[in-house]
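Following my numbering, the numbering of the sequence shown begins with 373 at its first residue and continues without gaps.
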Amino acid sequence: MKVLVTGSAGFIGSHIVQRLLDRGCYVVGLDNHNNYYDPNLKEARLARFKDNPFYKHLRIDLADRIGIENCFKSYCPDKVIHLAAQAGVRYSIENPLAYIESNITGFAHILEGCRNYRIQHLVYASSSSVYGANTMLPFSIHQNVDHPLSLYEATKKSNELMAHTYSHLYGLPTTGLRFFTVYGPWGRPDMALFKFTSSIIAGRPINVFNFGKHRRDFTFVDDIVEGIIRILDKPAQGNILWSGDCPDPGSSKFPWRVYNIGNSNPVNLMDYIHALEKTLGRKAQIKLLPMQPGDVPDTYADVTDLELDFNYRPATSIQTGIESFVSWYNSYYK
């Protein structure tokens, strides 16, 4: 099987590429290597498999319509895992147009490639951020999600809607995955665990927003990868019970689905920090700050549908996951 993975030099993408290669797949990786965070980290992730004869790497921006079209034309993948996007809630407040270019225009180019080259299944990254102003916990795919709090959230919701139209008009099986705060080895430097670890080791204070009164459904990257692989192998199908009189937001009569992937076990942010302190053997200097624009107090994934349809539920404990990250961090930064 030939799989196109966008964002292949990214955090989750590089883990997915390695897993697919281990399965014996031929992988075409695509990444623009932008400088949203340290490009050297992206190069280091890529170095783990770039010389594998079953891997081909392309440096193309999602907004490059001709480049994306040529990618599909030249390599004719069977399936696509689309993970490339402009990430980050806070950065979307500062630079909203970057999200339109990458997450809207870029996603349209991927959908067109899938349509024109008869892709068997498109699996793409959505986000728990789509729940926006929702406060009913746990977050369920059967809830309405029409009140985003940042442009990043709005683009991810838009991706789900765009995918639905392609599933309807062209019969393209699409599955959107709402990731809940992914962490682990080779993670992103803009995310909390990475920032906390580097600051604690350097003896710098860490910024803790909402005065530490956050709960997050942290999900270890290996659990995310396992979920993606299981879902990739089972293309989305229409829900024969779906009704336009009482529409279910999480499914469709067309081959379109969305799923939450999270531990379904939210952790208090201060407990998360204490687990990191225990692993590092150092105390954090904590600077308590108000909640940031676009942020939400809590996330909590209802993964019932993931369990029912794929017999799978993420299960890595916070302590195990943090220890794995810190081990990688110490090795990578020596």
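Built from N, CA and C at the ideal position, the CB exists for glycine as well.
* Asked: Q691 lies in the alpha helix (DSSP H); which residues open and close that run?
  -> Locating residue 691 in the sequence shown gives position 319, where the first residue counts as 1. From DSSP, the alpha helix (DSSP H) with Q691 extends over I690 to Y705.
* By how many angstroms is the C-alpha of A647 removed from the C-alpha of Y496? -> Reading the sequence shown from its first residue, position 124 is the one you call residue 496. Reading the sequence shown from its first residue, position 275 is the one you call residue 647. A straight line joining the alpha-carbon of Y496 with that of A647 spans about 31 Å.
* Asked: Quick one: what's got a C-beta closer than 6 Å to S327's C-beta in the same chain, skipping five residues either side?
  -> Since the displayed the chain opens at 373 and closes at 706, residue 327 lies outside it and no answer follows.
* Check whether the Cβ atoms of S636 and A673 sit closer than 7 Å, and answer yes or no. => Position 264 of the sequence shown holds residue 636. Position 301 of the sequence shown holds residue 673. A distance below 7 Å separates the beta carbons of S636 and A673.
* **Helix, strand or coil at P577 according to DSSP, with G and I counted as helix** => Locating residue 577 in the sequence shown gives position 205, counting from the first residue. Correct three-state label for P577: strand.
* Could you check if Q691 is buried or exposed, using at least 16 other CB atoms within 10 Å of its CB as the buried criterion? => For the purposes of this step, residue 691 is identified with residue 319 of the sequence shown, where counting begins at 1. Around the beta-carbon of Q691, fewer than 16 other beta-carbon atoms lie within 10 Å, marking it exposed.
* Spatial neighbours of Y524 in its chain, beta-carbon cut-off 7 Å, leaving aside the 5 residues before and after -> For the purposes of this step, residue 524 is taken as residue 152 along the sequence shown, with counting starting at 1. Annotation for Y524: G460, V461, S464, Y471 and S501 place their beta carbon closer than 7 Å to its own, counting only its chain and skipping 5 residues before and after.
* Under a three-way DSSP split, which group does N632 fall into? -> Within the sequence shown, residue 632 is the residue found at index 260, counting from 1. Note: N632 maps to strand in three-state DSSP.
* Within the stretch 431 to 459, note down every full beta strand (DSSP E) run reaching 3 residues or more, in order along the chain. => Counting only runs of 3 or more, we get 451 to 454.
* **Sequence-distant residues of its chain with Cβ nearer than 7 Å to P510 (five each side left out)** => Within the sequence shown, residue 510 is the residue found at index 138, counting from 1. Beyond the five residues adjoining it in sequence on each side, P510 comes within less than 7 Å, by CB distance, of S636, Y672, A673 and D674 in the same chain, given in chain order.
* To do: Determine the contact status of R487 and Y408, defining contact as a CB-CB distance below 7 Å.
  => Working through the sequence shown from its first residue, we reach residue 487 at position 115. Working through the sequence shown from its first residue, we reach residue 408 at position 36. Y408 is positioned such that its CB atom lies no closer than 7 Å to that of R487.
* Since R587 and P638 are thought to touch, with beta carbons under 8 Å apart, how far apart are those beta carbons, to the nearest angstrom? -> The sequence position of residue 587 within the sequence shown is 215, counting from 1. The sequence position of residue 638 within the sequence shown is 266, counting from 1. About 4 Å; that satisfies the 8 Å criterion.
* Asked: Can you tell which of S624, P621 and F566 has its C-alpha closest to the C-alpha of E695?
  -> As a working note, residue 695 is residue 323 in the sequence shown. Closest by alpha carbon: F566.
* Can you check DSSP and say which residues form a bridge with S539? => Numbered from its first residue, the sequence shown carries residue 539 at position 167. DSSP lists no partner for S539.
* Asked: When the Cα of S474 is compared with those of R490, V630, G379 and K374, which residue comes out closest?
  -> The residue labelled residue 474 in the question sits at position 102 within the sequence shown. Of the listed residues, the one whose Cα sits closest to S474 is G379.
* Asked: Roughly how many angstroms lie between the CA atoms of G693 and G556, to the nearest whole one?
  -> Stepping through the sequence shown from its first residue, residue 693 is reached at position 321. Stepping through the sequence shown from its first residue, residue 556 is reached at position 184. Rounded to the nearest whole angstrom, the CA to CA distance from G693 to G556 is 6 Å.
* Asked: Near N424, what residues of its chain come up, given a Cβ to Cβ distance below 6 Å and the 5 sequence neighbours on each side ignored?
  -> By 1-based counting over the sequence shown, the position of residue 424 is 52. Apart from the 5 residues on each side of it in sequence, N424 sits with its Cβ closer than 6 Å to the Cβ of L393 in its chain, given in chain order.
* To do: Leaving aside the five residues before and after Y447 along the sequence, list all residues of the same chain whose C-beta is less than 6 Å from its C-beta, in chain order.
  => Along the sequence shown, read from residue 1 onward, the residue named residue 447 stands at position 75. Cβ neighbours of Y447 beyond the five flanking positions: V400.
* Helix, strand or coil for Y489 per DSSP? -> What you label residue 489 is simply residue 117 of the sequence shown in a count that begins at 1. DSSP places Y489 in coil when its eight states are reduced to three.
* T477 classed as buried or exposed, judged by whether at least 16 other C-beta atoms fall within 10 angstroms -> Counted from its first residue, the sequence shown places residue 477 at position 105. By the neighbour-count rule (16 or more Cβ atoms within 10 Å), T477 is not buried but exposed.
* **Given L544 as reference, the closest of L402, G485 and E441 once Cα atoms are compared** => The residue labelled residue 544 in the question sits at position 172 within the sequence shown. Considering only alpha carbons, the answer is G485.
* Residue range of the beta strand (DSSP E) that G653 falls in? -> Locating residue 653 in the sequence shown gives position 281, counting from the first residue. It is not in any beta strand (DSSP E) - G653 carries neither H nor E in the DSSP assignment.
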